[in-house]
Ligand SMILES: [Zn+2]
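Numbering (this note's numbering), first residue to last: 1 to 246.
As structure tokens, this is what we get:
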């Protein structure tokens, strides 16, 4: 009898140990927050990362347009505010986002956020919803200002089919003419150095509290995004791996 009890106790301890170890090893779903100034290629890098990690990419801009187009309850509220020239309040943005996440089961897989959070309130409500059940990382994509200026001020667009070109990066075969339809190319009026510098200033001012918040939470990673999309993806994957090992 004594032996049986001892055996029972031993097995219990062993099972408890294995379960604890398994839970400890079990990876939490990953939530990636993409950040970066206009022109750094957040959308492109998000898509590349989405393919590499097989994680859904959620662009809140697209989500908004979809809700408005499909005339969902939240979409109607948002449209009314936008038509009046008002900002859509944080709680509506958050609700729209989490409806989308839960309806698609992304709360189980994890996801990449592009365009959210934009404010400190949004960041805090994201944290509240995620709790301790997720691995979080905020990627701050950085491109040298000179390079950003070169990217933006070199942009050319076809007047009739809207195909984008670039004076240096994607030059048209015939100068000033579209490769596809031979119409004239033009430069958007706000693709100038002055406008860009202004936009960067506004961006930096608005985003600073968010950057500080994530830096203080130890989940911010600065990503050198000057290279090709392959190189940038490599930098991103390295940072995510480091973050996991922390
Ligand atoms: Zn064209």
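Glycine residues also receive a C-beta, built at the ideal position from the N, C-alpha and C atoms.
Specify the secondary structure class of residue i as computed by DSSP and reduced to three states.
i, result
"residue 195", "helix"
"residue 104", "coil"
"residue 240", "helix"
"residue 169", "coil"
"residue 247", "For the chain, the structure presents residues 1 to 246; residue 247 sits outside this window and is missing."
"residue 213", "helix"
"residue 114", "strand"
"residue 149", "helix"
"residue 203", "helix"
"residue 55", "coil"
"residue 179", "coil"
"residue 44", "helix"
"residue 80", "helix"
"residue 258", "What is shown of the chain runs 1 to 246, which leaves residue 258 out entirely."
"residue 122", "helix"
"residue 96", "helix"
"residue 87", "coil"
"residue 127", "helix"
"residue 174", "coil"
"residue 234", "helix"
"residue 71", "coil"
"residue 132", "coil"
"residue 2", "helix"
"residue 26", "coil"
Anyone know if the C-beta pair for residue i and residue j falls short of 7 Å?
i, j, result
"residue 44", "residue 116", "no"
"residue 120", "residue 158", "no"
"residue 56", "residue 134", "no"
"residue 235", "residue 224", "yes"
"residue 35", "residue 46", "no"
"residue 174", "residue 113", "no"
"residue 74", "residue 92", "yes"
"residue 37", "residue 156", "no"
"residue 4", "residue 136", "no"
"residue 237", "residue 110", "no"
"residue 241", "residue 48", "no"
"residue 213", "residue 123", "yes"
"residue 161", "residue 177", "no"
"residue 51", "residue 68", "no"
"residue 191", "residue 152", "yes"
"residue 54", "residue 144", "no"
"residue 170", "residue 154", "no"
DSSP beta-bridge partners for residue i?
i, result
"residue 250", "Because the chain spans 1 through 246 in this model, residue 250 falls outside it and cannot be assessed."
"residue 139", "34, 221"
"residue 63", "According to DSSP, which records beta bridges pairwise, residue 63 is partnered with nothing at all."
"residue 185", "158"
Can you tell me whether residue i sits near ligand 3, meaning its C-beta is under 6 Å from at least one heavy atom of the ligand?
i, result
"residue 180", "With respect to small molecules bound, the structure shown includes ligand 1 and not ligand 3."
Would you check if there are 3 or more beta carbon pairs closer than 8 Å linking the segment 85 to 93 to the segment 136 to 144? no
For the 8 Å Cβ check, are there 3 or more pairs between the segment 185 to 203 and the segment 147 to 158? yes
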